[in-house]
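Colleague: So that you can map any letter, position 44 of the sequence shown is 879 in the working numbering, and since no number is skipped, the others follow by simple counting.
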Amino acid sequence: MPVNYYIFLSLILFSIGIAGVLTRRNAIIVFMCIELMLNAVNLLLVAFSKMHHVAALAIDPASTVGTEAQLFVFFIMVVAAAEVTVGLAIIVMMYRNIHSVDINFLNRLKH
Numbered sequence: 836m837p838v839n840y841y842i843f844l845s846l847i848l849f850s851i852g853i854a855g856v857l858t859r860r861n862a863i864i865v866f867m868c869i870e871l872m873l874n875a876v877n878l879l880l881v882a883f884s885k886m887h888h889v890a891a892l893a894i895d896p897a898s899t900v901g902t903e904a905q906l907f908v909f910f911i912m913v914v915a916a917a918e919v920t921v922g923l924a925i926i927v928m929m930y931r932n933i934h935s936v937d938i939n940f941l942n943r944l945k946h
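#1: In whole angstroms, give me the CA-to-CA distance for V942 and L848.
#2: I think L892 touches S898, with their Cβ atoms under 8 Å apart; what is that distance to the nearest whole Å?
#3: Kindly give me the distance between the Cβ atoms of M929 and V936, rounded to whole angstroms, as I take these residues to be in contact under 8 Å.
#4: Does the beta carbon of I853 sit closer than 8 Å to a beta carbon anywhere in chain B?
#5: Using the Cβ count rule (16 or more neighbours within 10 Å means buried), how would you classify V865?
Okay, structure coming up:
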């Protein structure tokens, strides 16, 4: 499968994530859109990694070029999992204290 399809899919997913972050007021939906943007970047990293790995295998069959990006994606997923635990804990505590997950309400808490 050509890498152009992966780029197009990643662009669509990232655009949906940006639109969700900019237009939604619910903290959980905004949080899910941020995760969608992270997954779009991960998809693009894996697609380019595979493309470079296939090109390197044509030159040297024992080459491991292109696998570094897949390791980087693994670390991004670990950080995203930690982000989910912290983010959801913050959202749950916000709901317990103010009985709302509306982001606009947080702006009123500054003053």
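Glycine included, each C-beta is placed from N, C-alpha and C at the ideal position.
Modeller: According to the structure data:
#1: In the sequence as presented, Val is not what sits at residue 942; that position holds Asn. Answer to the nearest angstrom: the Cα atoms are 28 Å apart.
#2: Yes, L892 and S898 are in contact; Cβ-Cβ is about 6 Å, under 8 Å.
#3: About 6 Å; that satisfies the 8 Å criterion.
#4: Among the chains of the structure shown, chain B does not appear; only one protein chain is present.
#5: Counting the other Cβ atoms within 10 Å of the Cβ of V865 gives 16 or more, which makes it buried.
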